[in-house]
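Q: Just so you know, the protein sequences line up as chains A and B, in that order.
Taking my numbering, the leading residue of the first sequence gets 1, the next gets one more, and so forth.
Taking my numbering, the leading residue of the second sequence gets 1, the next gets one more, and so forth.
Here you go, one structure.
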Amino acid sequence: GAVVSQHPSWVICKSGTSVKIECRSLDFQATTMFWYRQFPKQSLMLMATSNEGSKATYEQGVEKDKFLINHASLTLSTLTVTSAHPEDSSFYICSARDSISDTQYFGPGTRLTVL
Amino acid sequence: SQQGEEDPQALSIQEGENATMNCSYKTSINNLQWYRQNSGRGLVHLILIRSNEREKHSGRLRVTLDTSKKSSSLLITASRAADTASYFCATDRWRTYKYIFGTGTRLKVLA
C-alpha cells in the first residue's frame, strides 16, 4: 500500500527553539494532509488540515502562529513548532489523502521532547 | 467534543478469548476505520468499512457498522498476547476528509 513517511522519527530540543517535522507521501500525490497530536495514553487530536498551495485550516484551540504548516508540494507538508515549550512535548502524526483511491494513509509519527 | 467514544476504555482478557470493542460517533460519515497502536508507536491500519456496508471481515477481525445508531464494533477472535495494544476507531466527517479518532480501548491479552 501507499506509504507516508515522517522525519525525524524523534527529536529532543531545548525550550524556546523551533522544530520542523516533515511529512511525505512517497508514491502518491496528496493535495490534502492532516496533522494530529497525541499526548501519552490519550487519543489522537486533529490539529489542522494542510492544503497544497493554500493556507492550512486549524481546529479550534490550536494556535496557528505556534504550529506553522506549509504544504509546498503535492508530496510534502511540514509542521514547525515555534518557540517550543515542555508542554508541546507530544507524538505528532500526519496523514495524507490519496484523492484517486479516496484513502488516507498515516505516517509513523514523530516524538517531540522539549526540555 | 471532537472525539467519538469508545468502550470499554480498558479490557483485559485471557489468550484465546474474544475481545469486543465498541465505538460511537456523532456525525454522518463516509467510512469508519479501525487502527491499532502499540505503546509509543505509530498507527497500524486494521480495516475500513464504508457507510453502505454493515459488516466486514479480515482474518480474525470482524467489524460491524450501524449507521442508524452511529456505532461500530470490532471483534477480535481467538486473541493472542501479540494483540495487546490500544485500538482506535476513526471516522471521516462527511465531505471534509477529516478523520476524528475515538478515545480508544486499551486491550491487554494475558498469556
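Using N, Cα and C, we set each Cβ at its ideal position, and we do this for glycine too.
This one's a predicted model, so the numbers in the text were calculated from it and none came from an experiment.
State buried or exposed for S15 of chain A, treating a residue as buried only when at least 16 other CB atoms are found within 10 Å of its CB.
A: By the neighbour-count rule (16 or more Cβ atoms within 10 Å), S15 of chain A is not buried but exposed.
Q: Answer yes or no: do Y25 of chain B and R97 of chain A have a C-beta to C-beta separation smaller than 8 Å?
A: Inclusion of Y25 of chain B and R97 of chain A in the CB contact set at 8 Å is not warranted, their separation being larger than that value.
Q: Using a cut-off of 7 Å between C-beta atoms, extract the partners of F67 of chain A located in chain B.
A: What F67 of chain A touches in chain B: nothing, since even the nearest Cβ is about 16 Å away.
Q: Quick check on W34 of chain B: buried or exposed, where buried means 16 or more other Cβ atoms within 10 Å of its Cβ?
A: buried
Q: Tell me whether T105 of chain B is buried or exposed, calling it buried when 16 or more other Cβ atoms sit within 10 Å of its Cβ.
A: buried
Q: Sort A:F39, A:A30, A:Q6 by Cα distance to D102 of chain A and report the nearest one.
A: Nearest C-alpha to D102 of chain A: A:A30.
Q: Spell out a yes or no on whether the region 51-61 of chain B and the region 6-15 of chain A are touching, meaning 3 or more CB-CB pairs, one atom from each, closer than 8 Å.
A: Here the region 51-61 of chain B makes no contact with the region 6-15 of chain A; the two share fewer than three CB pairs at distances below 8 Å.
Q: For a contact defined as C-beta to C-beta under 7 Å, what are the partners of T103 of chain B on chain A?
A: S43
Q: Is any beta-carbon of chain B found at less than 8 Å from that of T32 of chain A?
A: yes
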